[in-house]
Structures are given as C-alpha cells and as structure tokens.
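Trainee: The listed protein sequences derive, respectively, from chains A and B. Sequential numbering from -6 applies to the first sequence in the numbering used here. Sequential numbering from -6 applies to the second sequence in the numbering used here. Note that the Cβ used here is the ideal one computed from N, Cα and C, for glycine as well. I have a structure I would like to understand better, so I am pasting it below and will then ask my questions one at a time.
2 protein chains.
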Amino acid sequence: MAHKYVYLFNEGDGSMRELLGGKGANLAEMTKLGMPVPQGFTVSTEACTRFYDDGKVIADDILAQIDQALEQMEEITGKKFADKKNPLLVSVRSGSRASMPGMMDTILNLGINDDVAKSLIAGNSDPSFERFVYDSYRRFIQMFSDVVMEVPKHTFEVIIDEIKAARGTSEDADLTAGDMKEMVEKFKAYYKEQKGSDFPSDPRDQMIESIKAVFRSWDNPRANVYRRMNDIPYSWGTAVNVQAMVFGNLNENSGTGVAFTRDPATGEKVLFGEYLINAQGEDVVAGTRTPNPISQLHEEMPEVYDEFVDYAYKLEEHYKDMQDMEFTIENGKLYMLQTRSGKRTVAAALKIAVDLVEEGLIDEDEAVLRVDPKQLDALLLPQFDQDALDKAEIIGSALAASPGAASGKVVLTAEAAVKQHNAGEKVILVRLETSPEDIEGMAAAQGILTVRGGMTSHAAVVARGMGICCVSGCGEIRINEAEGYFELGGKKYNEGDHISLDGTAGNIYGEAVATVEATITGDFDKFMHWADSKRRMKVRTNADTPQDAQKAIDFGAEGIGLCRTEHMFFEGTRIKNMREMIVAQSVEARKAALAKLLPYQQGDFEEMYKVLKGRPMTIRFLDPPLHEFLPTKAEDIEELAKELNISVDELNDVITSLHEFNPMMGHRGCRLAVTYPEIAEMQTTAVINAAINVNKAYPEYKIVPEIMIPLIGEVKELKFVKDVVTATADKLIADAGVELEYLVGTMIEIPRACLTADAVAKEADFFSFGTNDLTQMTFGFSRDDAGNFLDAYYEENIFESDPFARLDQTGVGQLVEMAVELGKKAHPELQLGICGEHGGDPSSVEFCHEVGLDYVSCSPFRVPIARLAAAQASIKEGK
Amino acid sequence: MAHKYVYLFNEGDGSMRELLGGKGANLAEMTKLGMPVPQGFTVSTEACTRFYDDGKVIADDILAQIDQALEQMEEITGKKFADKKNPLLVSVRSGSRASMPGMMDTILNLGINDDVAKSLIAGNSDPSFERFVYDSYRRFIQMFSDVVMEVPKHTFEVIIDEIKAARGTSEDADLTAGDMKEMVEKFKAYYKEQKGSDFPSDPRDQMIESIKAVFRSWDNPRANVYRRMNDIPYSWGTAVNVQAMVFGNLNENSGTGVAFTRDPATGEKVLFGEYLINAQGEDVVAGTRTPNPISQLHEEMPEVYDEFVDYAYKLEEHYKDMQDMEFTIENGKLYMLQTRSGKRTVAAALKIAVDLVEEGLIDEDEAVLRVDPKQLDALLLPQFDQDALDKAEIIGSALAASPGAASGKVVLTAEAAVKQHNAGEKVILVRLETSPEDIEGMAAAQGILTVRGGMTSHAAVVARGMGICCVSGCGEIRINEAEGYFELGGKKYNEGDHISLDGTAGNIYGEAVATVEATITGDFDKFMHWADSKRRMKVRTNADTPQDAQKAIDFGAEGIGLCRTEHMFFEGTRIKNMREMIVAQSVEARKAALAKLLPYQQGDFEEMYKVLKGRPMTIRFLDPPLHEFLPTKAEDIEELAKELNISVDELNDVITSLHEFNPMMGHRGCRLAVTYPEIAEMQTTAVINAAINVNKAYPEYKIVPEIMIPLIGEVKELKFVKDVVTATADKLIADAGVELEYLVGTMIEIPRACLTADAVAKEADFFSFGTNDLTQMTFGFSRDDAGNFLDAYYEENIFESDPFARLDQTGVGQLVEMAVELGKKAHPELQLGICGEHGGDPSSVEFCHEVGLDYVSCSPFRVPIARLAAAQASIKEGK
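So, in structure tokens, the structure goes:
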C-alpha cells in the first residue's frame, strides 16, 4: 500500500500532532468529539519533507491522495468545486507541530471564479449577497497573487484607491456590489499584466498551487528566524489544512471571534476573548473595527454563546490545559475553527499550572512540565511600563544580549559610569566593546550598549552574570568618545542624554522610558518547590562577588559552580599590584607583587564563604591572558610606567612581548600556572587560608574548597599544577594544625581534554564543562568574531540556532558525552558539572541531565530557569 | 619470584635492548660472542622507571639485586670492592634504548679510597704506578662530586692550578706522584668544605649514589632537549652499566681508541678510527693530544690490531650494519668496551645501505629501513662550507624553522628584498614577523630571520614550502626599521651588512659564511627506487606556483595535494583587484572585481596543469580572512584609498569592520564562500575553464580537477558551497560541450568535522586532513602564540615534542582516526589524504599509513622524506 500522506479530519486525532501539525490534529480531535468543525483534510508534514526532498514539487502519488481526499470532502460537505448549485470554497492554511503564529501563509475563499461567483449569487436571495461574493472574490485574488505568485498584496491597493476616488469616497463600506465586481475585473487584468497569463480559474489548480505555496512558506526568512528563536527544528516541516469555508461576514446573524478559557495575562479562570458581528477573521486582526468582549455574545446570541462555552470547557478538560480557540458563526450556526494551548504570560502560566493541579486535572509532574523555563526570566527583571513603551520610538536594535529594561543617561567610559553612579545618576554605558577593565563601570550602569560583540561577548556574558540589561553588537552606532557623543540613525546622542534599552527584545529607545519592578506571584514558590522536589541535578551559579552569590542563593542556587578569580584583580589598588606582577622581571619580584595581592584575594574568598554558609564553591584559577590587565592607550601606558617606576620603553617591551595573534588560543589558563607556578601558589594560599579562617569562625559550615584548573588539554598539565596546589595546600593545613579536605579538579573546555578524559580523570576530583570555549574550539570559530558570518548561516539554514546559546549536541555534546563516559570509567567518583553559558539554557540543561552530570551552574538570574529545566528533564526521563 | 631488575653481562644478549639499553645489550652480546669484555652488570631501564615512580629512590628489592650482582661480578673478575690484594674498580655509565651520546652522566674509577689506593700501589712494582693511582683517585673525586653531589668539576681546577703554581709548572705531566696525592687530600678537604661531610669512602655507597645520579641524569635539561629533537620518549628511561675498569693509561703498552667499520662520512668500506697510547677515553674526547689513525696501530701493536679488526668485522657481520666501537688496551691486552650502529652522514647512509644489499648482508626492505628519512633533508639543500663555519662566530640562535644555509645582506622590508634581488644581490630578510604581503620578498631572499613566530609561523611554513632557509622567533632582536638596522647581542647590524643563517641548527652568524651545493650520490636514485617500490601511500606536494610544482615533481611528487589559491592574489595588480573585491559594497561591485581576478587565476591554474602533465591537483578555495589582504599602516591606507577611489574614512570603515579578535577562528575558509558565494563561483570558473583548455591542448593529460572547500565544521556548510560549485561547473562544462569529471571534497581541520565525518563524507569526494589547524583547535592554542609557553612545557616534560611538527597521535590522531572510520563507513570510495605540515614528518607519515590514508602531501623539499617514510611504514606493517 502506498504511504499515506493525506488525512481527512475524521481520520485523525489529537495525538497525531507530528504528522498533522497542531492545527490539523486538533481539528481532527474536535471532529472526533462531535463538535461542529467545517470539514476538510490535512496534507501531512511528511508530504512537506518530501516536497523539499523532491526539489520543491509535489510528487504524483501525493497529488493523487489529495484529489481523493478532495472528493471525499466534497461528499461529506455536500459541496463541490465549481458546482453550479453548491460550489465549495475552502481555506488553505499551514499548521506545523509547534505553533508559529503569523509566520507562514494562509489563503481564504479558494475555489471562486467568475462562474462560481454567479452560482453563489444565484443560490442566495439576500440582496447584500452579491457584494459579499465579489468582495470575497477580490480578496482571494489579492491573497493568492501575493502568497502564490509573488505579486505583492499592497500593489492591488492602487486599484482600490482609484475606484474609491472615482466614487468620491474613502470608505470600503461605500462601495457597491458593482464596484466590487469591477474591482475583480481590474485585479485580474492587473494580474495578467504582471504575470503574462490569466488568473487561474480552475479551483483544483488554485488549491494545488496554494498547498505548494504553504510548503514553500516553511522556508521563508521570518519563519526561519522564528524557529531559531524558539528552537523549532527545520526538519519538522509543516502540514497544510484544506478546510471548507464558513463565512462570519455573511450577514448580521454571522460573526467571528477568538477566546481563551482563562485570562492569558493573569491566569484567572474566566472566559476571556472578543468577537465581531458580520466579519471575517482578517477583520479582527486588522483592528479596523473594535471587537466586543466575549461576555457580550451572551446577550446578543445566548444560544450560540452557551454552546460555545460548553465546547470551550469541554476542550479545556479534554486537553487539560487552557485553550485558545477561534470560532465563526455563519447565519446563526456556530463553527469551531481551531483550538490550541493558549500562549500566556509567566504569571498566568504559574497560576494555571498550580490551579490545574488543585482542580485535579493534572498532577504535579504535569504542572512542572507546563511552564516554559525560559519564561521565568521575565519574572525576575525590571520591565518597561507598557504604556510608556508603546509611545516610545525605537531608534535602533541589535542583539538581545542580556534581558531586562534599563533607562538612563548616556556615558561613554567606565570611569564616567562609576562617577555618575556615585553621584546618584542612572546611566547607560555605551562602548565600542567592553573589556575586563570596564567591570566597575558596567556594574554601576543600568544597562550596557555595545557596537561590537555577540551574545557571548564580554559585555553580554558579564551583563547576564550581573543581571544587567545589555544590547550588543549594534554596528550602526559610531562613537566619538573625544567629543562625547554617539551617532545612530543620523542622530547624535550626547553624554547626559537619556536613552533606554530593552534587553529582552534588543531594542534601543532615544529617550527615558519608565520601568516597573516585576511582581512575583504567590504561585511561584509553590511551583518551584514542586520543581525542586523532582530534579536530580543540583543547580549552582556563576558568581564572583558576595553580592552576586547572595542574589543567586535568593534565587535558589545551591552553591557556586564557577567563581572567576580574575575579576577580583581589577578593583582599586589591586590592578596596580597585578600589573607589578606582570612586569616583574624575576621570580622574586613576581612573588613580591603576588604577596601584595594575597590579602585581597583571601579576603574576597572569606566573604564569599560567609555568604555561602557551607554551600560548595568551585574557584577557577587565573584564566585570561595577562595582556588583558595592561592598558593599550599611549597616555595610560605613560601613566602606568610612572606608577610602576619603570621606563615607558620597558613597559612597552612587556606589552609587545605579551601581544598575541589569537588571544583566545594564547598564553592563558593553566598555561599561566605552568610558566608562573607562583601565581597558583598564591591563589592556593588564598583559598586554603580563607577556608581555614571561616571554618574556625563557623565550624558548622564544614567548607571543602574546590580548586579548578582551567584550560587543560593534557593530563600532565593538570598533574603539574595540581602538584603545586597540593604541595602548597598540604603545608598550610599542616602548619595550621587543622583538618581540611579539599578538591582539585579541572575545566573541560579543550577538545583534547575530552578525547583524553580517562587520563585526565585520574588526576581530577571533578570535571566542570566549560562549554563556551569548548564550543569555540569544536567549531573553530571565536564567539566574538562569529557575528560576521552567523547571520548568513541562519539565512541559509546551515545553523538553526546559536551554538553559544544552545549546546550543539551533535558535535560539542558528543565530546561532552565522551568525556563523561571516559572520565567515569577511569574515576567512578568523579563529580561532573557544567559552568558554560549553556548551564542556563533549558534544552542544554536537559542534555546535561541525560548525559549524567551532577549539576549545572549558570548566572544568578538563570538559576530558576535551570532549576525548572532540570526538573523537567527528570520528569521526562521518568516517563 | 621477585621481578628481575639487574642482569650480569653474561645473562643478557643483543635482543634485550629495551630492557638493558643499547650499551648493555651489546656488552652482553659481545660477551656471548666470546669477545674480551670487562665484565659487570646492567641495572635495567625498568629499574629507572621504578626509581621515578617511587619518588627518586631505589627500592630495597632492587638494591638487593644490585648487591647480589656485585657479588657475582666480584667472583667473575676475581676482584673485590676494597680488597687488600685485588681491589675492584668500576665504571658506572648510562645506556638508554636509543643512543644519546654525551647527554647523560658517566663515572670512572669508582671503588677507590685511601686504603684501596695503597693496596693498588702495593700490588704493582712499576715505579710510575703510584702517580697513576693517585691521578685516577683525584679524577674520581672530581667526577663523583660533579655528577653525584653537584659540586662542579671546574671548581676543583683552582686547586690544581695552585699546586702547579707551587711547582712552577703549567703542565700536568710535570706533577709527581706526591703532587697527585696532595691533590687528592686537598680535593677531599674542598669537598668537605662544600658538603659538610667527608667524601664517601665506601665503594658500595659510591656505586649506589652513582647509579642514582645516572638515573637522575635521564631527566636533565640537555637530555630532555635531545630526546625532543630525536623523538625519544621520556617513558623509556635509561639503564645503568656497572663494569670493571680497564686502564688504557696504565703504561706505554696500553691505550684506547674508537673505530668505525666503514667511513661514516662517505660510507666507503674501510676501517676508520683513531687511538692514543697511554691514555683514557677522556683524553681522546678532550682533544689535548692528537690521536693516531687506526691504521698506525697495525705498525705499533700488530697482534692487537689484527685481533681488533677481526672483532670489528665479526661484529659488522653479526649486526649486519656499520659498527662504531670503543676499545682499550691494558698492558698489551685488548678489551672491547662498546659497539653500536655508527652515526653517519646521509651520503654514507645511502652508500652503506646499498652496499650491504650488494654484499648480500641485508635485503632491500632492510636497506630501506636503515636510512633515517629526516636525514634526506641534508641532501637537497645548500650547506655551509664546514671550515668557514668553524671559524664564524654565532651571534644568536632561535628556532630552526626551515633547514638550509644562507648568506646575504641584511634587508628589513620585502620591497627592499625584491629590489636588491633584482639587482643581483643575495639578501637575508629580517622581519618582526612575516605576512602574506611579504611573499615576494621572501621568495627573493636567501634566508628569512624573524623576531616572532614558532615552527609553524607564517615565515616558517612559507619558507619550508619554498625550500628557503629560515630562523624564526629570535626574541632578542630589536628592529629599527626607520633607521635601517637591527640590534642583537648589543651589536648593530645595518641594512647591507652581511649575515648568515643556519636553518638546520637555528644559528645566526654576523658575517658572510661560504656555502656549497649539496652533492647527490649515485646511490640515491637506486635507494629511492627501492623505497618507492615498497610504499602503498602516494606522495603529493603542497605547491602554489609552477616553479614549486616542478621542483616537487623533480623530487618525486605524484601530484599536488594542496594548492593554496590565496597566494595567487598578492602579485602585482592582482592585489589591487582583490582589494577592490573586498571593499565592494554590493554583490555587483564584488562580481565586477572578481571578474578582473578570473583571468589571472585561470591562467595560473593552466600553468600548473601544464607542469603537472596529468598528475592530480587539489585546489583549495580562498581561506584566509580578508583583512590579510588590506594594509595596516596609515600611509598605505591613504595610498590605497586613492588607488581605489574611495575616501580614507570609507576604507578605514571596511578595515574596522574586518577587525577580528581571533583571526584564526574568524571569518575565513568556507565561511567566506557562504557569505560571498560569488568568490566560489569565480574560483570554480577558473578551475574548470583551465582544465577544459589544457585538456583540449593536451588530451593525454585527462585532467580531473579536485576542488577543496576549507574549514568545514558542519555538513550543511559543505553542501551549500558544493551546490554553488557544481551549479557553476556543470553549466561551464555543458556550455563547452565537453566531458569533464571533477571532484569536490573538503579539508578536515575542525574538530567538529571529525566528530560528524559520517555526515560530511556523504557530500565529499575526498577528505584532506589539515592537521595544522586541527592541532590548533584540538589543543586550543594558536601556533603563532604557543611559543610563549611551549618551552616551559618541554622543560616540565608536559610535552615531549612539538605537536605542530609531530602529529599528536593521542588527541589529534584520535580525531583523524575517527574521521577516517566514520567517513569510510558512510562513503567507502572516499579518497583520504593529509596536507598539513605533518605530511612531511616521518613518524606522522607512519601514522597516516596505519590509519589508512591514500596519500600524504608535503612541501617540495620534504617529498623524498615522505616517500621514504611511507615506504618504511609499509615495510614495518608487513613484518
């Protein structure tokens, strides 16, 4: 038997989502439930995949099945294409597995032509009917030309305007049936002029071409972008639904509407929606008429209303979730056109999940699965006041690098940010790009806007870590730091001018936009408690300061998975000591400078341990190349030389000797500890002394320090640095006369570390996957430079998602799995975690659960997301 | 039974090299052959490994075995440690599996103390014997103190000078027995002063401490460097030989010498060597007396000579190879102290291998295995005149980046190099670092000297490819380009001054040193013919010009494995068109610029195809980031802007937009073809048209173009670019009305390409492993930046060899194997090659053979090396 590609609505059901798409499956399910659904058929997603495989043609076997389904549909509806008495009109709509509203194409009123129009009019005595028919006809020509034949819809508007002008009116409503008929003729003539052939009048041709167009629309640019943002695979394809038309615009006894079974903003259990009398779906969307609240239908058509309410709650109970439905009333008869799980705000999502459990419809597991972890972001960050935002003008947009809303005065340097912040001003830091030297200024700012850099640029990573809003990579901006302004879209913005950033959407506003604190509902705690009780993996955070650590703990972090020590060397006089260390010409001089840094570093760790109250903390030793700590501008170099009491030439020699062609792949990570073991000695001393001191003051904390050596590619590197660490630590512990357990482990972020993980594991107490660098090395591109070509990669569907945001399971994930397997086999007690950006991405968290990691670590604001994602992964595994 | 760590010479044999080291195994073998060998025992290499595993102590079980062996040795020799009548004196020498001459430590005359000295004197009536005994004693104190106790040998010389001064002489020979005895006393006093304890007088203590010192010397810096240069694994360890002393300096009837069974410089079959009467081995090495040619021994001690000649040729026949032997004559009796395969020049190696076959001693397979492929280098490159070299002063040394000898006038810019070269001057180009813009200047130079960059820096890679001598990474040089000089070692070298470079040793000379052309002997062809008949893998070359291609073919290349197209865009007006292409603001403008480049590129390919006469050529499409083609200096930018008819601001905007943080991981390779498919179209057109034209003129060539897409990390990238290539190529072929087969394949140089090689293989006709980049990505360090830390890695034994020179089989090799396996499984006809630098490294070539590659491709001068290495791999596999 030939493979089945086409299903009548009465052949499918709600479980066939993958094959029939969401819309098709639900139409079949409603049919099965006995609800009034205009009948038709669904061309499956497999047909779409074959369409592309076959070089964008519909194969003959599928065409035959479509024809057969059409015949059956004609039988069921009692109408026929081009029939003189009962001509069939249909809609052709896309419907993929996941909801992608507005991304693909739809064609209504298909099946009409000159003869059909006449038949329709002949069959209806209503005097207004002729106008309705020709209006439907001209709409079809416009839609078909636009979607199928690439004759843009708006180019037809000129003709409409000409006719209106001739009639001396500017309102559609003033046009007569004759005017509409004239419009149809003119549209067809225009079409012929454009395409060189007659407008297709055969309904079957119209249908096949429309199905092809819907298939093609799966690959249009806006669909591609939407899929990437929503992690929908290109390979899924879309189904196409061919459905008999019903007309809400037939007369005053007709109408159309949409409704939710609960309030999608608050989650409250109340029927929520709106409708229009004598209108088609298009009109509700277009917003030319103001719809009525659904409750009013109760007054206007009580029987229809009761019937609809009955269906609505039957559907909610059936699907056990809040439903979003479309309906049409044709001459007093209700038709259900669509039902689906409704989109909702995070507040509503939490309330609905909790309420559904309390109503006994779903269990806790199901409730935990119902909320999209990514949505939790919105709960934790300040937001723009919606009214204010609607009125503000977008002056530019770039990457939504760190979510949130920020408003403040423009500053162009980190110093200015700090100064103005201390003076009580709210500021937005605008920079070409940021560097570790800017940290203080970044922390002082409400938001950060950069000209260069991607989603994982320095600015983006640090901002997300700090929970500060950031828009990055706005290449159109030209900064003139000397004169204190930047230009964007031909306008100048001076230091001190107000701008606002929407880090969730990536938009830039040229004015102050009011913000409001996000409100957390009471359902959040109950919901997260359920989630926490389900998950196997622990959730830690990436934090370098006591403030960040505290914030993360408030959000539920169970420890620190990545404490980057380099950020600790930038404040105040520390940077001076750090630079002394770097320019030191002998081991002794280097040790002397390190001795000055020790008390700072130790003090920082003590503060951190106090905040953590016994929760674990993985401390990563110095990682970036040393040149990051040195100035680049001539005047700064001069000043520093003076400060360090060396000549400018000497300092320049040091800077030149530290120059690197590819700093990402340079003298950094454990390579620093191999060349300068005294740095590792100092850092070990700081960690161990801090733990000893805090353990003394708070014996109940029982701190077990975790020291992490970065950038290992060969076990002998780890062995060498570990020997330095243990020699130093064991001596300190013995001298202090205390008992102190400590762990030494490594970041796994170099492909070779994964390939040789069995050897590495023998020297490591833990692995922490640094998937940022691992992604860079595995793909062979730098996250800071990839922006120049990644857009082209998305456009060409070479990449479907940003591998720095979503872990590439095929390549990078294969290395992670390999390292986990080899590592566990060689060292069964090996502790496994992830501290790359991916630790806060739900699909990546699920992957981490599947491969058996013990914890994920992410920026403080992503902790709730990771908690929920980890819980969902556990539940899915159990199913 | 306890594991055996110690072997008497009469317990072993020549096959036990791994366990006993080369020296120990051969001493055992000579013992077995009944030759007069002073007896003793060997502490095995396994004991050395345990010594390190146990924390640099000799375990008790091994000590017990040493004591037992000593006892047996005493029995065999009839002498005993500290015996009153027959005291035993021994030598303690290292002996590893591979010969490492001079790298580790030796102690002679061990076993002596005050009492033993007296006993020895008492037992000998010769009046000169007392002086001999105390001279031996003081030598032992010096050697033991130096090697075992870290009291440097030369610090004892002060005492010797004092005594000489007191005696009013400057000659050792004038010192009496009493003087020697006084020296012994003073040496012991000095030792006590330095170490705070008496000089050890117990022979057994002396021996154990000496064995430990020899074990420790395995890990000394010069041994580590030697091993790295000769690919000897650290894990092998060294054995220690304890052997009864015999004394060539006993009297005028004694002597010592070394000899080869054939001339190690020419290979001629004639006993070659020298000896000294009344001398110890030390004296021959020290060169204070001029030794006599071995033939003279025939006159002086005809019986001893005949006995030695007999042993020598017995040993050669036994080992079937030229032997290098040490012997000592003690009071008229001959002792054999060592035999080993002798080191020889490449000319000698070839002649000996061929002669041994003709003499029926070995077969062709064995002959092919006998020559070190790396030695072939020396055959092909000009060399310094040895006399001139001996007289010249080394003013600096750095990395031996590209072998050969060069002498010429200093030039500091590529332009100057070209200009002077055209004026008939020989020049050495001295640069901070080189870039593709310098190519013409590099080709015009005799040699290249750079301040920055490692063994695989641009300068090094290009120089090796061109067969030009290069010394790179000499950080001590300071260049002052403006004033036209550089400084090194406190001296100025002006443009026009003569310097010389030894690219094989890495030395720099501050003067002109005469060079001579290398001579190729008649044995080379015969030998390489044997080699070629053995190998399975093909050998191709990396060449971008007809000249390089011709050179490589002359050296036996069977095609081009890597033709880099970017080098073709630098000459003359091409660079201008290239830059027009880069600054183009629209696809049309870009295509217009590309159209100008097309004829150049097509012409280049036609020339190449003509030289190749039907041999295959893999053409790699544009690879480097575009900013490499743009100038960086302000004045050059200004000039270019004028030339391109755009403003300096516009040009600077382009340059800024092309800036990359990590160009190695930036917008390059196939990423360029994805963003600018028109580049791939132009390059395809050039390749296909060239093939069509040359095939027309020379139908016998039957050219099948091979197009290689670089830097693939995801199969969809390859698919995208391949679609561009095939669409373009198929149209050209159809338009030309010819038949033309062509291949499209990819470089495998990104870890992810290896991990997903099954998918990639489905779209590829061939894989060519780009192991340079693959090594960088797998280790996560850039070859240009790794110089800053690799030295520390070698010192700490983290790395034993340069992974850019010798393929890292553990990590990178694992990815290569994975790609081969996955690729072959998915696409059994997949053609497999390597075009990274490793294609010319013998051990890497062997690896390529083992994993099943079809060919290796290397720089022209390495083609013979690769041919021989490939042959050896085949032969080894067959054994």
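Taking the beta carbon of Lys777/A as the centre, do at least 16 other beta carbons fall within 10 Å, making it buried, or is it exposed?
Mentor: Locating residue 777/A in the first sequence gives position 784, where the first residue counts as 1. Note on identity: in this sequence residue 777/A is Asp, with Lys being the wrong assignment. Its Cβ being crowded by 16 or more others within 10 Å, Asp777/A is buried.
Trainee: 9 angstroms is my cut-off, CB to CB: does Asn790/A come that close to chain B?
Mentor: Here the question's residue 790/A lines up with position 797 in the first sequence. Closer than 9 angstroms: yes.
Trainee: Note down, in chain order, every chain A residue with its Cβ under 8 angstroms from the Cβ of Ile743/B.
Mentor: Taking the second sequence and counting its residues from 1, one reaches residue 743/B at position 750. The answer, in chain order, is Thr771, Phe772 and Gly773.
Trainee: I want to see whether chain A comes within less than 9 angstroms of Gly230/B, judged by CB atoms only; does it?
Mentor: Walking along the second sequence from the start, residue 230/B turns up at place 237. No, Gly230/B does not count as interfacial toward chain A.
Trainee: Is it buried or exposed for Ala159/A, if we count other Cβ within 10 angstroms and need 16 for buried?
Mentor: If you number the first sequence from 1, residue 159/A lands on position 166. Exposed, by the Cβ-count rule.
Trainee: Along the stretch 793 to 807 of chain B, what residues have a CB closer than 9 angstroms to any CB found in chain A?
Mentor: Flagged, chain order: Asp801, Thr803, Gly804, Val805 and Gln807.
Trainee: Taking Phe320/B as part of the beta strand (DSSP E), name the residues at either end of that continuous run.
Mentor: Residue 320/B sits at position 327 when you count from the first residue of the second sequence. Run containing Phe320/B: Gln316 to Glu323, per the beta strand (DSSP E) assignment.
Trainee: Could you check if His(-4)/B is buried or exposed, using at least 16 other CB atoms within 10 Å of its CB as the buried criterion?
Mentor: What you label residue -4/B is simply residue 3 of the second sequence in a count that begins at 1. It counts as exposed.
Trainee: What residues match up with Ile553/A in a beta bridge as DSSP calls it?
Mentor: In the first sequence, residue 553/A corresponds to position 560, counting from 1. DSSP output for Ile553/A lists Thr534/A and Met610/A as bridge partner(s).
Trainee: Roughly how many whole angstroms lie between the Cα atoms of Leu442/A and Asn473/A?
Mentor: Against the first sequence, residue 442/A aligns to sequence position 449. Against the first sequence, residue 473/A aligns to sequence position 480. Computed Cα separation, rounded: 15 angstroms.
Trainee: Report yes if the CB atom of Asn570/B is closer than 9 angstroms to the CB atom of Ala586/B, and no otherwise.
Mentor: Along the second sequence, one-based indexing puts residue 570/B at 577. Along the second sequence, one-based indexing puts residue 586/B at 593. Going by C-beta atoms, Asn570/B is nearer than 9 angstroms to Ala586/B.
Trainee: Spatial neighbours of Pro286/B within its chain, please: CB distance less than 7 angstroms, with the 5 preceding and 5 following residues excluded, ordered by chain position.
Mentor: On the second sequence, position 293 is the one that residue 286/B refers to. Glu267.
Trainee: Counting only Cβ pairs nearer than 7 angstroms, list the residues of chain A close to Arg664/B.
Mentor: If you number the second sequence from 1, residue 664/B lands on position 671. The answer, in chain order, is Phe782.
Trainee: Using the Cα positions of Ala438/B and Glu186/B, report the straight-line distance between them to the nearest angstrom.
Mentor: As a first step, residue 438/B is located in the second sequence; it is residue number 445 there, counting from the start. As a first step, residue 186/B is located in the second sequence; it is residue number 193 there, counting from the start. Looking at the two C-alpha atoms, the distance is approximately 58 angstroms.
Trainee: So, is Arg10/B buried or exposed, given that buried needs 16 or more other C-beta atoms within 10 angstroms?
Mentor: Looking up residue 10/B in the second sequence gives position 17. Buried is the call here.
Trainee: DSSP state of Cys663/B, grouped into three classes?
Mentor: Translated into positions along the second sequence, residue 663/B becomes position 670. Three-state result, Cys663/B: helix.
Trainee: Which residue comes first and which comes last in the beta strand (DSSP E) that contains Asp495/A?
Mentor: Here residue 495/A refers to the residue found at position 502 when the first sequence is read from its first residue. Per DSSP, Asp495/A belongs to the beta strand (DSSP E) from His491 to Asp495.
Trainee: Lys709/B CB to nearest chain A CB: under 9 angstroms?
Mentor: Locating residue 709/B in the second sequence gives position 716, where the first residue counts as 1. Yes, its Cβ sits closer than 9 angstroms to a Cβ of chain A.
Trainee: Which word fits Gln135/A, buried or exposed, when buried means at least 16 other C-beta atoms lie within 10 angstroms of its C-beta?
Mentor: Position 142 of the first sequence, counted from the first residue, corresponds to residue 135/A. So Gln135/A ends up on the buried side.
Trainee: So Val687/A is in the alpha helix (DSSP H); what residue range does that whole segment cover?
Mentor: Taking the first residue of the first sequence as position 1, residue 687/A is located at position 694. First-last of the alpha helix (DSSP H) with Val687/A: Pro670 to Ala690.
Trainee: Would you mind working out which of Ser428/A, Asn102/A, Ala550/A and Ala410/A sits nearest Tyr848/A, comparing C-alpha positions?
Mentor: Counting from one through the first sequence, the residue named residue 848/A turns up at place 855. Ranking the options by Cα distance to Tyr848/A, first place goes to Ala550/A.
Trainee: Give the single residue among Leu1/B, Asp128/B, Gln543/B and Ser395/B whose Cα lies nearest to the Cα of Gln61/B.
Mentor: For the purposes of this step, residue 61/B is taken as residue 68 along the second sequence, with counting starting at 1. The shortest C-alpha separation from Gln61/B is found at Leu1/B.
Trainee: Alpha carbon to alpha carbon, what distance is there between Ile700/B and Ala684/B?
Mentor: What you label residue 684/B is simply residue 691 of the second sequence in a count that begins at 1. What you label residue 700/B is simply residue 707 of the second sequence in a count that begins at 1. So the alpha carbons of these two residues sit roughly 12 angstroms apart.
Trainee: Spell out whether any CB of chain B is found under 9 angstroms from the CB atom of Leu733/A.
Mentor: Walking along the first sequence from the start, residue 733/A turns up at place 740. It does not: the Cβ of Leu733/A has no partner Cβ on chain B nearer than 9 angstroms.
Trainee: Can you pull the DSSP bridge partners for Ala410/B?
Mentor: To locate residue 410/B, count along the second sequence from 1; it is residue 417. For Ala410/B, which the question treats as bridged, DSSP gives no partner whatsoever.
Trainee: Anything in chain B within Cβ reach of Leu748/A, meaning under 8 angstroms, just list it in chain order.
Mentor: Translated into the one-based positions of the first sequence, residue 748/A becomes position 755. Those within 8 angstroms of Leu748/A in chain B are Thr771, Thr803, Gly804, Gln807 and Leu808.
Trainee: Can you tell me which residues form a DSSP beta bridge with Tyr328/A?
Mentor: Residue 328/A sits at position 335 when you count from the first residue of the first sequence. Paired residue(s): Thr321/A.
Trainee: Near Glu756/A, which residues of its chain fall below 7 angstroms by C-beta distance, leaving aside the five closest residues on each side in sequence?
Mentor: Along the first sequence, one-based indexing puts residue 756/A at 763. Within the same chain, Glu756/A has close Cβ partners Val708, Leu711, Lys712 and Lys715.
Trainee: Just the C-alpha distance for Tyr(-2)/A and Cys841/B, rounded to the nearest angstrom, thanks.
Mentor: If you number the first sequence from 1, residue -2/A lands on position 5. If you number the second sequence from 1, residue 841/B lands on position 848. C-alpha separation (whole angstroms): 49 angstroms.
Trainee: With respect to the beta strand (DSSP E) encompassing Ala393/B, which residues constitute its N-terminal and C-terminal limits?
Mentor: Numbered from 1 along the second sequence, position 400 holds the residue referred to as residue 393/B. Taken as a continuous stretch (DSSP letters only), the beta strand (DSSP E) holding Ala393/B covers Leu392 to Ser395.
Trainee: Does Leu587/A get closer than 9 angstroms to chain B when you measure Cβ to Cβ?
Mentor: Locating residue 587/A in the first sequence gives position 594, where the first residue counts as 1. No, Leu587/A lies away from the interface with chain B (no Cβ there is under 9 angstroms from its Cβ).
Trainee: Can you pull the DSSP bridge partners for Thr259/A?
Mentor: For the purposes of this step, residue 259/A is taken as residue 266 along the first sequence, with counting starting at 1. Thr259/A pairs with nothing; no bridge assigned.
Trainee: Spell out whether any CB of chain B is found under 9 angstroms from the CB atom of Pro656/A.
Mentor: In the first sequence, residue 656/A corresponds to position 663, counting from 1. Closer than 9 angstroms to some Cβ of chain B, the Cβ of Pro656/A qualifies, so yes.
Trainee: Apart from the five residues just before and just after Trp211/B, which ones in its own chain have a Cβ nearer than 7 angstroms to its Cβ?
Mentor: Sequence index remark: in the second sequence, residue 211/B carries index 218 (1-based). Taken in chain order, the residues that qualify are Cys41, Met97, Gly230 and Thr231.
Trainee: Any idea what DSSP makes of Gln199/A, helix, strand or coil?
Mentor: Indexing the first sequence from 1 puts residue 199/A at position 206. Note: Gln199/A maps to helix in three-state DSSP.
Trainee: Please tell me whether Lys589/A and Glu671/A are closer than 9 angstroms, where the distance is taken between their beta carbons.
Mentor: Translated into positions along the first sequence, residue 589/A becomes position 596. Translated into positions along the first sequence, residue 671/A becomes position 678. No.
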